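**Student:**
Numbering (this note's numbering), first residue to last: 113 to 394.
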């Protein structure tokens, strides 16, 4: 490896578990590859409809009619729900995103973003920014997961706003792929990205024995706190709640030494999907 290669690709030698799939997972995997890492994409969570979807459907109909001054989005999963429903957000309604990752997800599917907290990428930080911006009472739609704490809604209500809080989805665990589970267990995965409290819970449950060398990295202080509450030790905390900040935090570290079990695993070659299909067709 040349010095130039290491400088240009600071994550060369890292194998990193990406815990979500879809467009978000693809984007993170591409960013890791650009830095020299090998991404292992294995979704650990997914979203399912709320037990009673009627309140969400009614709220989205009101949203399309322009009956809310603001709609708040506190996760990329909420963006997936809005996109799945084909939700219409009129120009008169402003959209607030909890952080850069959520804002990027909104923009990726065509929604404009009017507000992202400047300092604290959390529900509390978003509430503080909105309260400072809106000195008169406004009607606000807050979309949340079934297990989310009502921090944002409570603080906006306390400031005098008319808040309509609706469960947008349930978070459900997804079993890791057999390959991902094996590579986490044997230490071949050097780092695990923890992007939410729900991911932290799944990492703790699905990988009860993680090698000491494996770096567990949280996307911001709030997620690190949620991980600690789930009993998952965090070694690296990104200063900002964004994928870029999380990847940069890993890039500042040396590649962990391999475990004996990882060293015994043959290096994975390139898998040619097209060639495989041609072989099946012949």
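Every residue, glycine too, gets a C-beta built ideally from N, C-alpha and C.
All values derive from a computational prediction rather than experimental measurement.
1. Where residue 246 and residue 263 are concerned, what is the direct C-alpha to C-alpha distance, given to the nearest angstrom?
2. For residue 160, name the three-state secondary structure that DSSP assigns.
3. Can you tell me which of the three DSSP states residue 188 falls into?
4. In its own chain, which residues sit with a C-beta less than 7 angstroms from the C-beta of residue 311, not counting the 5 before and 5 after it?
5. What does the Cβ neighbour count give for residue 204, buried or exposed, with the cut at 16 atoms within 10 Å?
6. Taking the alpha-carbon positions, what's the residue 113 to residue 375 distance?
7. Under three-state DSSP, which class holds residue 372?
8. What does the Cβ neighbour count give for residue 351, buried or exposed, with the cut at 16 atoms within 10 Å?
9. Using the C-alpha atoms, what's the distance from residue 255 back to residue 209?
10. What runs of the beta strand (DSSP E), each 3 residues or longer, lie entirely inside the region 263-316?
11. Rounded to a whole number of angstroms, what is the C-alpha to C-alpha distance between residue 184 and residue 361?
12. Using 8 angstroms as the cut-off, can you tell me whether the region 181-198 makes contact with the region 271-281, which would need three or more C-beta pairs spanning the two stretches below that distance?
13. Would you say the region 310-328 touches the region 366-374, given that touching needs at least three Cβ pairs under 8 angstroms?
14. Mapping DSSP to helix, strand and coil, what is residue 143?
15. Just tell me which of 145, 346 and 212 has its CA closest to the CA of residue 305.
16. Ignore the nearest five residues each way along the sequence and tell me which others in residue 226's own chain have a CB closer than 7 angstroms to its CB.
17. Please classify residue 151 as buried or exposed, where buried requires at least 16 other C-beta atoms within 10 Å of its C-beta.
18. Using DSSP bridges, identify the partner residues of residue 257.
19. Helix, strand or coil for residue 251, going by three-state DSSP, please let me know.
20. Between which residues of its own chain and residue 300 is the CB-CB distance below 7 angstroms, once the five residues before and five after are set aside?
21. So, are the CB atoms of residue 173 and residue 202 less than 9 angstroms apart?
22. Should residue 249 go down as buried or exposed, given a rule of 16 or more other Cβ atoms within 10 Å for buried?
23. Residue 186 and residue 260: beta carbons closer than 9 angstroms?
**Tutor:** Well, looking at it:
1. Here residue 246 refers to the residue found at position 134 of the chain shown. Here residue 263 refers to the residue found at position 151 of the chain shown. Approximately 18 angstroms between the Cα atoms of the pair.
2. Mapped onto the chain shown, residue 160 falls at position 48. Looking at residue 160 - three-state DSSP - the assignment turns out to be strand.
3. Here residue 188 refers to the residue found at position 76 when the chain shown is read from its first residue. In the structure shown, residue 188 sits in a helix (DSSP, three-state: H, G or I).
4. As a position in the chain shown, residue 311 is number 199, starting the count at 1. Taken in chain order, the residues that qualify are 131, 156 and 157.
5. Translated into the one-based positions of the chain shown, residue 204 becomes position 92. So residue 204 counts as exposed.
6. As a working note, residue 113 is residue 1 in the chain shown. As a working note, residue 375 is residue 263 in the chain shown. Confidence at residue 113 is low in this model, with a pLDDT of 42, below 50, so its placement is unreliable and no value can be given for it.
7. If you number the chain shown from 1, residue 372 lands on position 260. Helix.
8. Sequence index remark: in the chain shown, residue 351 carries index 239 (1-based). When all chains shown are included, residue 351 counts as exposed.
9. As a working mapping, residue 209 is identified with position 97 in the chain shown. As a working mapping, residue 255 is identified with position 143 in the chain shown. Roughly 11 angstroms between the two C-alpha positions.
10. 274-285 and 303-306
11. Working through the chain shown from its first residue, we reach residue 184 at position 72. Working through the chain shown from its first residue, we reach residue 361 at position 249. So the two alpha carbons sit approximately 28 angstroms from each other.
12. yes
13. yes
14. To locate residue 143, count along the chain shown from 1; it is residue 31. In the structure shown, residue 143 sits in a helix (DSSP, three-state: H, G or I).
15. Sequence index remark: in the chain shown, residue 305 carries index 193 (1-based). It is 346.
16. Numbered from its first residue, the chain shown carries residue 226 at position 114. Here the set comprises 206, 207 and 208.
17. Here residue 151 refers to the residue found at position 39 of the chain shown. By the 10 Å Cβ count, residue 151 comes out buried.
18. Here the question's residue 257 lines up with position 145 in the chain shown. For residue 257, which the question treats as bridged, DSSP gives the partners 281.
19. Residue 251 sits at position 139 when you count from the first residue of the chain shown. Here residue 251 sits in strand by DSSP.
20. Within the chain shown, the letter at position 188 stands for residue 300. Closer than 7 angstroms at Cβ, skipping near neighbours: 127, 374 and 377.
21. The count along the chain shown starts at 1 and reaches residue 173 at position 61. The count along the chain shown starts at 1 and reaches residue 202 at position 90. Cβ distance not < 9 angstroms, so residue 173 and residue 202 don't count as in contact.
22. The residue given as residue 249 occupies position 137 in the chain shown. Under this definition residue 249 is an exposed residue.
23. The residue you call residue 186 lines up with position 74 of the chain shown. The residue you call residue 260 lines up with position 148 of the chain shown. Taking 9 angstroms as the Cβ cut-off, residue 186 and residue 260 qualify as a contacting pair.
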